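*Asks:* FYI, the numbering for the sequence shown is 591 to 749, going by the numbering used here. Take a look at the following structure, please.
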Amino acid sequence: TNDKLFRACSMLKKEIQIRVKSCGGPKHSETIHAVHRLGELFWRRLNMFDQALVCLKRVFDARILVNGPFHVLTLQAASNVSDLCVEMKKYELAEKCGRVALEGYETLFDGADGVDGAGGADGVGVIEMEGAALRVINILMLRNDEEEAARVAKWYNVQ
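See below:
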């Protein structure tokens with residue numbers, strides 16, 4: 591099975607090279623998606639965390655450039671980097687990216703939904719903000735910063 595995973599990794603790397611050359615470069619959405627898939631493969635299937643972090647950081651940086659800082663895809667990319675960094679015990683970077691996602695969701699959904707609003711027709715805004723707040727709280731607890739974790743929990747009204 592690892593042989594198949596490494597072959598898949600090699601194929602994804604070739605796909606990325608082809609997409610960079612023929613599909614509009616590294617900022618093209620299909621290229622970004624291929625880098626994301628490679629990062630996920632490194633992370634979730636091969637446990638190659640350093641390589642995964644390089645890929646997922648590239649995805650996050652590209653999403654900021656292409657989609658802007660308050661786009662759902664950008665905020666999901668920040669959350670992915672944060673989650674990976676927690677696994678790697680890189681709590682400072684995990685918190686930084688987690689806060690980027692949390693503050694981004696707050697900005698994205700504020701006004702239309704608000705922190706205490708219904709989150710739109712399907713409540714997605716509230717769900718995303720609660721998840722991002724819980725992510726940051728968890729990281730703060732891992733960093734033994736209970737005071738800040740309590741402050742964030744109170745601010746976003748989550749347990």
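The beta carbon of each residue, even a glycine, is placed where N, CA and C say it ideally should be. Please read these numbers as outputs of a predicted model, since none were measured by experiment.
In whole angstroms, give me the CA-to-CA distance for residue 755 and residue 746.
*Replies:* The question about residue 755 has no answer here: the residues shown for the chain are numbered 591 through 749.
*Asks:* Could you check where the alpha helix (DSSP H) with residue 593 kicks off and where it finishes?
*Replies:* The count along the sequence shown starts at 1 and reaches residue 593 at position 3. Residues 592 to 612.
*Asks:* Kindly indicate the opening and closing residues of the alpha helix (DSSP H) around residue 744.
*Replies:* Residue numbering aside, residue 744 sits at position 154 when the sequence shown is read from its first letter. Run containing residue 744: 736 to 746, per the alpha helix (DSSP H) assignment.
*Asks:* Quick one: grab the DSSP three-state call for residue 640.
*Replies:* Within the sequence shown, residue 640 is the residue found at index 50, counting from 1. The answer is helix: DSSP assigns residue 640 an H, G or I state.
*Asks:* Can you determine whether any heavy atom of the ligand HEM sits closer than 6 Å to the C-beta of residue 647, and answer yes or no?
*Replies:* For the ligand HEM, the structure offers nothing, since it holds no ligand at all.
*Asks:* Going straight from the alpha carbon of residue 630 to that of residue 677, what length do you get?
*Replies:* Here residue 630 refers to the residue found at position 40 when the sequence shown is read from its first residue. Here residue 677 refers to the residue found at position 87 when the sequence shown is read from its first residue. Cα to Cα, the separation comes out at about 13 Å.
*Asks:* At the 7 Å Cβ level, is residue 607 part of the contact set with chain E, yes or no?
*Replies:* The question asks about chain E, but that chain is absent: this structure has only one protein chain.
*Asks:* Taking the straight line between their C-alpha atoms, what separation do you get for residue 664 and residue 619?
*Replies:* Walking along the sequence shown from the start, residue 664 turns up at place 74. Walking along the sequence shown from the start, residue 619 turns up at place 29. Looking at the two C-alpha atoms, the distance is approximately 12 Å.
*Asks:* So, helix, strand or coil for residue 661, using DSSP?
*Replies:* Counted from its first residue, the sequence shown places residue 661 at position 71. Three-state DSSP puts residue 661 in coil, outside helix and strand.
*Asks:* Please classify residue 597 as buried or exposed, where buried requires at least 16 other C-beta atoms within 10 Å of its C-beta.
*Replies:* The count along the sequence shown starts at 1 and reaches residue 597 at position 7. Label assigned to residue 597: exposed.
*Asks:* Of the residues 671, 611, 699, which one's Cα is nearest the Cα of residue 688?
*Replies:* Within the sequence shown, the letter at position 98 stands for residue 688. By alpha-carbon distance to residue 688, the top candidate from 671, 611, 699 is 671.
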